[in-house]
Every structure is written in structure tokens, then in C-alpha cells.
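For the sequence shown, this note's numbering gives the first residue as 278, with consecutive numbering after it.
Here the structure comes first, spelled out in C-alpha cells, and everything after it is commentary.
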Amino acid sequence: MFEIKKAPLIVEEVVEKVRSDSCGAIATFIGTVRNASMGKRVVYLEYDAYEEMAVKKMGAVGQEVKEKWDIDKMAITHRIGKLDIGEMSVVIAISSPHRKDALEACQYTIDRIKQIVPIWKKEVWEDGEIWIGKQ
């Protein structure tokens, strides 16, 4: 349910992993590449990861979420490699009997991914670039 991919992400594939007849809610978060950051025009992003550890850390986030909210299933897929403006970098799907838990868990999940999962991004601008999180 937790994976790193080089291919473009397909939301429906991630959602299908968490679908359950016992749940009335599936919340999703889709992270996309925006065209500006730090006041500069972004040309593209490049993501890199310590893949084995990233998947383990995603699992740890999943464990945290299950301890805090009443959720049934969770799936996280993060993309690595070069991503153009508008492409999806991460898809999170969480199913729960009730929407409040699914929505809160989704927000918590993306925040924790950014805090503890070893995935780094390089922002490439018209006049330079910077790795974020790889310092």
C-alpha cells in the first residue's frame, strides 16, 4: 500500500487500494508540481528518494494514523524522477467509516511525509536550482 514509482501516478489506482464496503468515506490528497516557488518561476521538479527507507517510513506514518483515527485502509504512492508543471508527485488515499477521520488523517499524513520520509526534491528555475530536504 506504500510505494515509490517512476511512472506517472494514476489516482484511481491508489483509491482502488483502499476501497471498502464498510467505509463511507475515501479522502484523497494529490500533490502537484506548481509553476512558482520562492518567488521564482519553476521549470520542473526532480524527486529522489532512499526508496527502501521511504517505504518503511510511509508504513510508520500509516501506523501513527491508525493509532489516532478510525481508518480502514491507507495507500501512499510518491513519484520520483523529473516531473513537469502540473504532474502529480504524491497521491494519498485513506478510507474510513466516517469522513472526518479520513480528512484529518489525510492532512496529517502529508505533513508527516514531509517531516520524516526520505524523499527530496530539486526545484529547477529559469536561473538556477536547489535541492530541498537533502541538506
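Virtual Cβ for every residue (Gly too), placed ideally from N, Cα, C.
Cβ distance (whole Å) where residue i is taken to contact residue j below 8 Å
i           : j           : result
residue 305 : residue 382 : No, residue 305 and residue 382 are not in contact; Cβ-Cβ is about 11 Å, not under 8 Å.
residue 350 : residue 295 : 4 Å
residue 279 : residue 315 : That belief does not hold up - the Cβ atoms of residue 279 and residue 315 are roughly 30 Å apart, past 8 Å.
residue 368 : residue 291 : 4 Å
residue 354 : residue 282 : 6 Å
Selected residue, minimal CA-CA separation from residue i, among the options
i           : options               : result
residue 362 : 327, 338, 280 and 402 : 402
residue 301 : 337, 372, 318 and 314 : 372
residue 375 : 288, 392, 282 and 346 : 346
residue 379 : 343, 287 and 308      : 343
residue 356 : 307, 341 and 299      : 307
residue 397 : 286, 410 and 340      : 410
residue 341 : 293, 393, 299 and 303 : 393
Buried versus exposed call for residue i [16 or more other C-beta atoms within 10 Å across all chains shown]
i           : result
residue 408 : exposed
residue 287 : exposed
CB contact flag (residue i, residue j, <8 Å)
i           : j           : result
residue 399 : residue 322 : yes
residue 366 : residue 327 : no
residue 331 : residue 395 : yes
residue 389 : residue 338 : yes
Nearest-angstrom Cα separation, counted from residue j out to residue i
i           : j           : result
residue 297 : residue 348 : 11 Å
residue 364 : residue 289 : 15 Å
residue 385 : residue 312 : 25 Å
residue 406 : residue 329 : 26 Å
residue 293 : residue 299 : 14 Å
residue 391 : residue 317 : 21 Å
residue 285 : residue 404 : 27 Å
residue 387 : residue 303 : 15 Å
Residue-chain proximity (residue i, chain D), Cβ-Cβ < 8 Å
i           : result
residue 347 : No chain D is present in this structure, which holds just one protein chain.
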